Amino acid sequence: MILLEMLSYPFLARAMLVGLLVSLCAALLGTSLVLKRFSMIGDGLSHVGFGALAVATALGWAPLAVTIPVVVLAAVLLLRISQSSRIRGDAAIALISSGALALGVLVVSLTSGMNMNVSNYMFGSILTVSRADAVLSAALCAAVLALFTLFYPRIFAVTFDETFATATGTRAQLYNTLLAVLTAVTVVLGMRMMGALLISSLLIFPPLSAMRVFRSFRSVTLCSAAVSLACFVLGMVCSYAFETPSGASVVAANIVCFGLCALAGKLLGR
Amino acid sequence: MALMTCRDLSFAYGGETVLRGVSFTVEAGDYLCVVGENGSGKSTLIKGLLGLKEPSGGSVELGDGLERREVGYLPQQTALQRDFPASVFEVVLSGRLNGLGRRCFYSQEDRREAERNLERMGMLELKRRCYQDLSGGQQQRVLLARALCATKKLLLLDEPVAGLDPVATGEMYNLLKLINLCDGVTVVMVSHDVEAALRYATRILHLGHEQLFFGSVADYRRSDALRRLRGGC
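Chains D and W supply the protein sequences, listed in that same order. In this note's numbering, each residue carries its 1-based index in the first sequence increased by 271. In this note's numbering, each residue carries its 1-based index in the second sequence increased by 1389.
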């Protein structure tokens, strides 16, 4: 029906594919990030991504080729900051993210003026999804799925108790960095469709919804992935049917789902 | 040869030495309590023994074929873990991580070992329960089962009874003594509960930014270090 009609447009089909892949990655990575209290990193990364994208566009460089390395670098930096006991981690992340946002806005307004472009970056547009996005998100998704299936025991151990994992010979820092880098790529790929201000909700909502209902790490991870995919499809269909912005529609679907999960959790007595 | 030999160990944070001149040995079958006031360097020493913190001087030598990653560690619980969505079995199974090597998944043998250790703690019937729904004492026993999954020889415990009620505290001490005596697992425990240390341990290491005492419990009862810790009376 409506979904088939949507898929008959090539650009929409491509956007759906990229969105589904990114949603899956975001849900899996988000589970670990939320449980490790790193939710703010996702938000910080999207702002850095906005700044980098604005600068790249202003200078006429390929957007992905500039943004991905910059955001990956920022991810490693933000991880370091939030683990360091000397600096106030949350404050430093807020500084970096608002700083990057301000830089982006300045660059955009000095070059092309505050026009449609900025609005697209901030709140997303499915028209910006390119062929390169599709290829990259397929590669990213393969990497994230491989990480979560092949290293599942290690991911659990590092997420639950980093000290214990390190003491028994696991290189926790390596897995943390890997998570941060993959999150960075996820944020950049999802950012242009979902919007810089909205992408972090893909990381945070699905795991939180899953945690309302499920109580083991495996079930939370699987449910989070399922919730994320379902909410994305639902949001896109609503966006198509009611002509609402796609990013905001997906977030709205996630909010409704969170409410339902919270209600279900209450009813189940959890 | 001793399980663990420390020679003139010292630790520093950012150039400031917090612990110096620590020399002691841990023999197989020992039950060693590390006592001292808050901030005396007890937890730092445990981190050093585990290789989580590099000593600024001295050396830690492992003997008797003990490898560093074969140590069973029971860390102090963090707030993050108390509301972590994980089943009891998932937590205990993660103790087998050091035996994975190049494998990606746990084997049947790993699962059996995790169940065996849960049974040792009398927690097998709670296997499917959620970790965050357990009481403090039960959570601690789950973490002890996890530590036992990681080792056959040496347990390192950092304040294992912190935050437990008196009944759970007594149970925890009895369990540890049982593991020490019946299974021959060596126990090294950080504690600020001196009276319990005197009752259960075989040796005492008393720290206060340096080594104030190391020896048997009988010698410790007569020492100046104990008198000072009890308030100088």
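Yeah, the Cβ is synthetic: ideal placement off N, Cα and C, and Gly gets one too. This structure is a prediction, so every number in the text was calculated from the model and none was measured.
Own chain residues within Cβ distance below 7 Å of residue i, not counting five before or after
i       : result
D/M465  : G395, L473, G518, V521
D/D404  : V289, L460
D/A373  : none
W/G1597 : G1425, E1426, S1429
W/G1404 : none
D/V378  : A325, V326, A329
DSSP bridge partner residues for residue i (one or two, in chain order)
i       : result
D/A409  : Its beta-bridge partners do not exist; DSSP assigns none.
W/Q1600 : W/L1596
W/A1401 : W/T1406
W/Y1420 : W/V1576
W/F1413 : W/C1395
W/V1449 : W/C1395
W/D1547 : W/V1579
D/L473  : Answer is none; D/L473 lacks a bridge partner.
W/V1460 : W/L1543
D/C528  : Looking at the DSSP assignment, D/C528 forms no beta bridge with any residue, so it has no partner.
W/C1519 : W/S1476
Closer than 8 Å to chain W by CB, residue i
i      : result
D/P424 : yes
D/T448 : no
D/F476 : no
D/R351 : no
D/T399 : no
D/C509 : no
D/A451 : no
D/V603 : Summary: the structure shown does not reach residue 603 of chain D, with chain D confined to residues 272 through 541, and so no result is reported for it.
D/S408 : no
D/A438 : yes
D/L306 : yes
Nearest-angstrom Cβ-Cβ length linking residue i and residue j, presumed shorter than 8 Å
i       : j      : result
D/G315  : D/T454 : D/G315 to D/T454, Cβ: 10 Å. No contact.
D/A481  : D/S471 : Between D/S471 and D/A481 the Cβ distance is about 17 Å, and since that is not below 8 Å, they are no contact.
W/C1493 : D/L421 : 5 Å
D/I367  : D/L349 : 7 Å
D/V458  : D/S317 : 5 Å
D/V342  : D/V319 : 6 Å
D/V400  : D/R489 : Not really, about 32 Å apart at Cβ, beyond 8 Å.
Best match in the options for proximity to residue i [C-alpha to C-alpha]
i       : options                            : result
W/E1560 : W/H1581, W/G1525, W/V1574, W/E1479 : W/G1525
W/V1411 : W/T1467, W/V1423, W/R1617          : W/V1423
W/E1548 : W/D1522, W/R1518, W/Y1462          : W/Y1462
W/V1460 : D/A481, D/V498, D/F435, D/E514     : D/F435
W/V1574 : W/D1582, W/V1556, W/K1541          : W/K1541
D/K547  : D/G370, D/L479, D/L505, D/G540     : No statement about residue 547 of chain D is possible, as the shown extent of chain D runs from 272 to 541 and does not include it.
W/R1530 : W/V1577, W/G1511, W/V1407          : W/G1511
W/K1566 : W/G1418, W/E1584, W/L1392, W/S1445 : W/G1418
W/T1467 : W/S1429, W/E1416, W/Q1521, W/R1457 : W/Q1521
D/A323  : D/I339, D/F309, D/M311             : D/I339
W/V1606 : W/E1599, W/L1434, W/R1617, W/E1584 : W/E1584
W/G1620 : W/S1580, W/D1397, W/N1563, W/G1425 : W/G1425
W/G1552 : W/T1433, W/D1572, W/D1582, W/N1563 : W/D1582
D/L531  : D/V498, D/L493, D/V504, D/S510     : D/V498
W/D1572 : W/L1544, W/D1554, W/K1516, W/P1555 : W/L1544
D/G301  : D/T430, D/M507, D/L538, D/V341     : D/T430
D/A414  : D/V293, D/S355, D/A428             : D/V293
D/I273  : D/K537, D/P516, D/G506             : D/G506
D/P334  : D/Y392, D/T439, D/A535, D/T382     : D/Y392
Any chain D beta carbon closer than 8 Å to residue i
i       : result
W/C1493 : yes
W/E1514 : no
W/F1413 : no
W/S1483 : yes
W/V1480 : yes
W/L1489 : yes
W/Y1402 : no
W/F1602 : no
W/C1622 : Low local confidence applies: a pLDDT of 46 at W/C1622 is under 50, so the model's placement there is unreliable, and no value is given.
W/R1458 : yes
W/Y1609 : no
Same chain, Cβ closer than 6 Å to residue i, five either side skipped, listed in chain order
i       : result
W/C1622 : Note that W/C1622 has pLDDT 46, beneath the 50 cutoff, so the model's placement of it is unreliable and the number below is only indicative. None.
W/T1394 : T1414, E1450
D/C502  : A524, N525, C528
D/T437  : A443
W/Y1420 : N1569, V1576, A1590, T1591
W/L1546 : L1463, M1578
D/C509  : S520
W/A1614 : H1595, L1601, F1602
W/A1475 : Y1520
Own chain partners of residue i with C-beta closer than 8 Å, once the 5 adjacent residues on each side are dropped
i       : result
D/R486  : R541
D/A284  : M277, L278
W/M1390 : G1452, D1453
D/T448  : V347, L350
W/S1399 : T1406, L1408, R1409, G1410, V1411, P1444, S1445, G1446, G1447
W/L1486 : A1539
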